[in-house]
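Note sheet for the following structure.
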Amino acid sequence: MRKAANFLVEAQRLEGILTRIAQRRSNDGSNPGTHVSVPTCVVHRNNAVYDNPGVFSPPKWRS
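If you want it as structure tokens, here you go:
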């Protein structure tokens, strides 16, 4: 079952249904309540975050 879960996590990382993560900033003092949006594809394909980000590799999620 763990292999299937790793497969699904990796598939979502490369071809996820969410394209952006949005959150509300409320305590930084500049513009309380401002919406901030981060494109997930930039994070999920970043060499600084993942080794070989363009390669489909479910085993990278093993604990």
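Quick note on the working numbering: the sequence shown kicks off at 1270 and runs consecutively.
Backbone N, C-alpha and C define an ideal beta-carbon position, used for all residues, glycine too.
Check residue i in the structure and name its three-state DSSP category.
i, result
"V1305", "strand"
"R1314", "coil"
"R1289", "strand"
"P1322", "coil"
Which residues bound the alpha helix (DSSP H) around residue i?
i, result
"N1275", "1271-1284"
Can you list, in chain order, the residues of its chain whose CB lies under 8 Å from that of residue i, leaving out five sequence neighbours each side?
i, result
"E1279", "F1325, S1326, P1327, K1329, W1330"
"H1388", "Here the chain comprises residues numbered 1270 to 1332, so residue 1388 is not present and cannot be evaluated."
"N1315", "P1322"
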